[in-house]
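Undergrad: As they're listed, the protein sequences go chains A and B. So for the first sequence, this note's numbering puts the first residue at 1; every next one is plus one. So for the second sequence, this note's numbering puts the first residue at 312; every next one is plus one. The C-beta atom is built at its ideal place from N, Cα and C for all residues, glycine as well. Okay, here's the structure, questions in a sec.
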Amino acid sequence: MEVLEGRGLVKRYPNTVAVDGVHFRLRKGEILGLLGPNGAGKSTLIGMLSTLIPPSEGEILLDGIDVLKNPNIIRNRLGVVPQEIALYPDLTGEENLLFFGRVYGLKGKALRRRVEEVLEIINLTDRARERVGRYSGGMKRRINIGAALLHRPEILFMDEPTVGIDPQSRRLILDTIKDLNREGLTILYTSHYMEEVDFLCDRIYIMDHGKIIADGTKEELIARISNEETIELDFERNGKEFLPALEGLPGVHAVHQRGAKIEIVVEKGMVSLGKIVHLAENSKTSLLSVEVKKPTLEDLFLHLTGRGLRE
Amino acid sequence: MGIILWQRGVGLLRNSRMFLLMLLLPLLFTFAFSNMGTASKISIPLHDEEGSPLSQKAVSYLNRSSSYQFVPVSLEKLKVEVAEGRAEAGIIIPKGFSEGMASGKVEIQMVKSKDSTIIPSLQGMIQLSLIKMHTEQTGVKAILHSLTQLGLDVNRPQVTPRVEELLAERWKETLPVATAGKTAEGSKAFRYDPKLQSSLGFMLFFVIYSIIFSLSEMLNDRRQGIWDRLLISPLRKGEIYLGNFLYSFMVGYGQLLILLGASRLLFGVDWGEGWGPILFLLAIYTVTIAAFGMLLSGFVKNTQQLNAVVPIFAVSFAMLGGAFWPLEVVTSPWLITVAKGIPLYYPMSAIKEILLHQQGWNVVWLPTVVLLLMAALFMGIGVRLFERKGGEYR
Numbered sequence: 001m002e003v004l005e006g007r008g009l010v011k012r013y014p015n016t017v018a019v020d021g022v023h024f025r026l027r028k029g030e031i032l033g034l035l036g037p038n039g040a041g042k043s044t045l046i047g048m049l050s051t052l053i054p055p056s057e058g059e060i061l062l063d064g065i066d067v068l069k070n071p072n073i074i075r076n077r078l079g080v081v082p083q084e085i086a087l088y089p090d091l092t093g094e095e096n097l098l099f100f101g102r103v104y105g106l107k108g109k110a111l112r113r114r115v116e117e118v119l120e121i122i123n124l125t126d127r128a129r130e131r132v133g134r135y136s137g138g139m140k141r142r143i144n145i146g147a148a149l150l151h152r153p154e155i156l157f158m159d160e161p162t163v164g165i166d167p168q169s170r171r172l173i174l175d176t177i178k179d180l181n182r183e184g185l186t187i188l189y190t191s192h193y194m195e196e197v198d199f200l201c202d203r204i205y206i207m208d209h210g211k212i213i214a215d216g217t218k219e220e221l222i223a224r225i226s227n228e229e230t231i232e233l234d235f236e237r238n239g240k241e242f243l244p245a246l247e248g249l250p251g252v253h254a255v256h257q258r259g260a261k262i263e264i265v266v267e268k269g270m271v272s273l274g275k276i277v278h279l280a281e282n283s284k285t286s287l288l289s290v291e292v293k294k295p296t297l298e299d300l301f302l303h304l305t306g307r308g309l310r311e
Numbered sequence: 312m313g314i315i316l317w318q319r320g321v322g323l324l325r326n327s328r329m330f331l332l333m334l335l336l337p338l339l340f341t342f343a344f345s346n347m348g349t350a351s352k353i354s355i356p357l358h359d360e361e362g363s364p365l366s367q368k369a370v371s372y373l374n375r376s377s378s379y380q381f382v383p384v385s386l387e388k389l390k391v392e393v394a395e396g397r398a399e400a401g402i403i404i405p406k407g408f409s410e411g412m413a414s415g416k417v418e419i420q421m422v423k424s425k426d427s428t429i430i431p432s433l434q435g436m437i438q439l440s441l442i443k444m445h446t447e448q449t450g451v452k453a454i455l456h457s458l459t460q461l462g463l464d465v466n467r468p469q470v471t472p473r474v475e476e477l478l479a480e481r482w483k484e485t486l487p488v489a490t491a492g493k494t495a496e497g498s499k500a501f502r503y504d505p506k507l508q509s510s511l512g513f514m515l516f517f518v519i520y521s522i523i524f525s526l527s528e529m530l531n532d533r534r535q536g537i538w539d540r541l542l543i544s545p546l547r548k549g550e551i552y553l554g555n556f557l558y559s560f561m562v563g564y565g566q567l568l569i570l571l572g573a574s575r576l577l578f579g580v581d582w583g584e585g586w587g588p589i590l591f592l593l594a595i596y597t598v599t600i601a602a603f604g605m606l607l608s609g610f611v612k613n614t615q616q617l618n619a620v621v622p623i624f625a626v627s628f629a630m631l632g633g634a635f636w637p638l639e640v641v642t643s644p645w646l647i648t649v650a651k652g653i654p655l656y657y658p659m660s661a662i663k664e665i666l667l668h669q670q671g672w673n674v675v676w677l678p679t680v681v682l683l684l685m686a687a688l689f690m691g692i693g694v695r696l697f698e699r700k701g702g703e704y705r
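What follows is the structure in structure tokens.
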């Protein structure tokens, strides 16, 4: 059952269209992944859904009620974890939580109790009385999440909540998100990290140039390119004619070069490794390694957009 | 709104250096400009042609002025100084001064530059000083005569100075201290109290920094994404703005109140008895500067840019609005007109009116209306621009 729905959402700025006719559905109890490179329109879409940015066109419905006409109906039910560390560095972790709790109308003992609970959820009880400015990157990210949980939201938007932190903290955050979801929280999760989306999300939207270009479960999405495989080449020296020659091979769908690496998306079984090695020799390219990879979300993304997620 | 104030208050306590600096600096400047001897007095060259004990006494009477310093020079030098514009006027005590004093017809000659604006005030001050001297001398003579009649020996050397001293002390309590009256044109004479000028001027100048910097927390919030976080919370936008505005007002007004008290205690600045109109004007001024801070915050992208533009505006306001020097010495009508567009001009001139010309609430209303109109304009444009800039951040 859809808890939140966006219909025909458009956001135009003077020189660009950031979101271009997006239809969006968030189902109760799911973790929905929103994938896309920088500038794809993910944050603008989240901004519109959270009532921060008024859409140029379209409507947003929460349980069938128009959010744009009644923004307050979503504000008490929604928690947003922004991409930035949106906290006061001069306040302690606990004071930040008290602040945001009061912003959401919590008071007195109930507020204190909830702050303690949230500190436990994000595993920061021991460091709660230190100023946020002195926290490590991972701790700041956790408090940033905690501040969005205080009012027990039903829906949580998380806009790249693990950017720039160590693997241990990332793991802790991902586990926390899983636990929150198990307890019934509906989550919209955006990330650059394919493995996070892979680990967390029940469904995925892939967004590029302001549009949703694919959606479905991970399996459904990968099935779209199951008749393809990716061959990855590492090279030391690259001849001028090598890339055009690869593109000219029958069965080759796409060739992408990233530094000293070339990825070739080919139709399954149509291109032999021998042919590729032969082309390399002819174009004076010295290869270091050749690997055939199983299709991943990253490959799907590359296939759909022609660029990597972090480009 | 209360929660915004709480957060800002905790932040201020943890980063109070700027606030303390803005308290300290106006006091230091007031001390430097009003308590460093005669540095802030207007220097007037004086030539004593008579050179009698009475004419020398007259010079000492003149030098009791808190506004002017009379410096004895040769006649030649006096004329050169005035001609070259180094002095606005020069005073010559002519021969026959003592006889004139005895007969009650004293003539003091004045050499003045064409554009001088201090002449009415200077004339008034000289006139009052000489009247005071004449009255005191007459009084001393009368007392000494009475004592002689009573058979007391008044020829002992310490008697006359002691009588003069006692009489002066007595009259200090009863005579008016003000040194000016009406000029021939009927306009109010220029009165200058260096302590009041520097204390009020620097207070109004430095508080601009405190008010606008406290409002710049909004820019930090916007940069850090906290502003957006608040916008999507159940808090109303008006509450968020009002909380920030109120905090800024409290910081600025608090600073002004502390400085009022401190300048009175430390430097003896006389803020008069009727505090009501002064406190009211300062509150309105604080609101206007906070609104101006909102306008600047709407124009700039971040606190760094704000930090760069605030001194430009603050110093310009102080220079044009009469905080650094009395506007009565400004001769350009154009600059006087510009001053009326500066918020600082209104409390500065109205408070000086209240204190130096013994005015009350009657001089408060017009500045209040002008300042509130300015505040509404600044606030309206500032909020609109701030909202638009916020959109650019997303």
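For Val-518 of chain B and Ser-527 of chain B, I'd like the C-alpha separation in whole angstroms.
TA: As the crow flies, the alpha-carbon of Val-518 of chain B is around 14 angstroms from that of Ser-527 of chain B.
Undergrad: Would Phe-560 of chain B pass as a contact of Thr-599 of chain B if the rule is Cβ separation under 8 angstroms?
TA: No.
Undergrad: Going along the chain, which unbroken runs of the beta strand (DSSP E) with 3 or more residues stay wholly within the stretch 377-461 of chain B?
TA: 379-383, 400-404, 420-423
Undergrad: Tell me whether Tyr-189 of chain A sits in a helix, a strand or coil according to DSSP, three-state version.
TA: strand
Undergrad: Thinking just about the alpha-carbon of each residue, which of B:Ile-314, B:Gly-322, B:Ile-665, B:Lys-663 is nearest to the one in Val-132 of chain A?
TA: B:Gly-322
Undergrad: Find the residues of chain B that neighbour Val-103 of chain A, judging by a C-beta separation of less than 7 angstroms, and give them in chain order.
TA: Ile-314, Leu-541, Ser-544, Leu-546
Undergrad: Do you know offhand how far Ala-495 of chain B's Cα is from Leu-433 of chain B's?
TA: Only weak support is given to the placement of Ala-495 of chain B: the predicted model assigns it a pLDDT of 39, under 50, and the value that follows is read from those uncertain coordinates. Roughly 13 angstroms between the two C-alpha positions.
Undergrad: Give me, in chain order, the residues of the same chain whose beta-carbon lies closer than 6 angstroms to that of Lys-493 of chain B; leave out the 5 immediate sequence neighbours on both sides.
TA: Because Lys-493 of chain B carries a pLDDT of 41, less than 50, the predicted location of this residue cannot be relied on, and the following value inherits that uncertainty. Closer than 6 angstroms at the Cβ level, and outside the excluded window around Lys-493 of chain B, lies no residue.
Undergrad: Roughly how many angstroms lie between the CA atoms of Ser-376 of chain B and Phe-342 of chain B, to the nearest whole one?
TA: Rounded to whole angstroms, Ser-376 of chain B and Phe-342 of chain B show a C-alpha spacing of 19 angstroms.
Undergrad: Any idea if Ala-110 of chain A is buried or exposed, counting beta-carbon neighbours within 10 angstroms, 16 or more meaning buried?
TA: exposed
Undergrad: Can you find a C-beta in chain A that's less than 8 angstroms from the C-beta of Lys-535 of chain B?
TA: Note on residue identity: the sequence assigns Gln, not Lys, to residue 535 of chain B. Yes, contact with chain A.
Undergrad: Tell me the DSSP bridge mates of Ala-214 of chain A?
TA: BP columns for Ala-214 of chain A point to A:Ile-206.
Undergrad: Below 8 angstroms CB to CB, which residues in the same chain sit around Gly-8 of chain A once its five sequence neighbours on both sides are set aside?
TA: Leaving aside the five residues that flank Gly-8 of chain A on each side, the residues in its chain whose CB is nearer than 8 angstroms to its CB run, in chain order, Gly-21, Val-22, His-23, Glu-57, Gly-58, Glu-59.
Undergrad: In terms of residue numbering, what span does the beta strand (DSSP E) encompassing Gly-33 of chain A cover?
TA: 31-35
Undergrad: Checking contacts by CB at 8 angstroms: is Gly-320 of chain B closer than that to chain A?
TA: no
Undergrad: Answer with yes or no whether the minimum CB distance from Ser-50 of chain A to chain B is below 8 angstroms.
TA: yes
Undergrad: Taking only runs of the alpha helix (DSSP H) that begin and end inside the stretch 36-88 of chain A, which ones reach a length of at least 4 residues, in chain order?
TA: 42-49, 72-75
Undergrad: For Pro-588 of chain B, does the three-state DSSP call read helix, strand or coil?
TA: In the structure shown, Pro-588 of chain B sits in a helix (DSSP, three-state: H, G or I).
Undergrad: Tell me which residue opens and which closes the beta strand (DSSP E) that Leu-357 of chain B is part of.
TA: 353-359
Undergrad: Which whole-angstrom value is the C-beta distance of Tyr-104 of chain A and Ser-544 of chain B, which I expect to be below 8 angstroms?
TA: Approximately 6 angstroms separates the beta-carbon atoms of Tyr-104 of chain A and Ser-544 of chain B; this is inside 8 angstroms, confirming the contact.
Undergrad: Do Asp-299 of chain A and Ile-225 of chain A have their CB atoms nearer than 8 angstroms?
TA: yes
Undergrad: Is it right to say Ala-18 of chain A is buried, meaning 16 or more other beta carbons lie within 10 angstroms of its own, or is it exposed?
TA: buried
Undergrad: For Thr-125 of chain A, does the three-state DSSP call read helix, strand or coil?
TA: helix
Undergrad: Using a cut-off of 8 angstroms between C-beta atoms, extract the partners of Phe-99 of chain A located in chain B.
TA: Ile-314, Trp-317, Gln-318
Undergrad: Taking the straight line between their C-alpha atoms, what separation do you get for Gly-497 of chain B and His-668 of chain B?
TA: At Gly-497 of chain B, the pLDDT of 43 sits below 50, so the modelled position is not reliable and the matter cannot be decided from this model.
Undergrad: Which residues in the same chain as Leu-577 of chain B place their Cβ atom closer than 7 angstroms to its Cβ, once the five residues preceding and following it in sequence are excluded?
TA: Leu-338
Undergrad: Report buried or exposed for His-358 of chain B, applying the criterion of at least 16 other Cβ atoms within 10 angstroms of its Cβ.
TA: Buried, because 16 or more other Cβ atoms sit within 10 Å of the Cβ of His-358 of chain B.
Undergrad: Out of A:Leu-78, A:Phe-99, A:Ile-206, which one is the CA nearest neighbour of Met-312 of chain B?
TA: Comparing C-alpha distances from Met-312 of chain B to each of A:Leu-78, A:Phe-99, A:Ile-206 shows the shortest one belongs to A:Phe-99.
Undergrad: Does DSSP put Ser-283 of chain A in a helix, in a strand, or in coil?
TA: In the three-state reduction of the DSSP assignment, Ser-283 of chain A falls in the coil class.
Undergrad: With DSSP as the reference, identify every bridge partner of His-256 of chain A, one or two as the case may be.
TA: Per DSSP, A:Glu-263.
Undergrad: Tell me which residue opens and which closes the alpha helix (DSSP H) that Lys-663 of chain B is part of.
TA: Note, Lys-663 of chain B: alpha helix (DSSP H), 656-667.
Undergrad: Straight-line CA distance for Asp-208 of chain A to Thr-44 of chain A?
TA: 12 angstroms
Undergrad: Could you give the residue range of the alpha helix (DSSP H) that holds Arg-319 of chain B?
TA: 313-325
Undergrad: For the beta strand (DSSP E) holding Lys-11 of chain A, just list the boundary residues, first then last.
TA: 2-13
Undergrad: Which term fits Gln-318 of chain B, buried or exposed, when burial requires 16 or more other beta carbons within 10 angstroms of its beta carbon?
TA: buried
Undergrad: Please name the residue or residues paired with Glu-698 of chain B in a DSSP beta bridge.
TA: Looking at the DSSP output, Glu-698 of chain B sits in no beta bridge, so it has no partner there.
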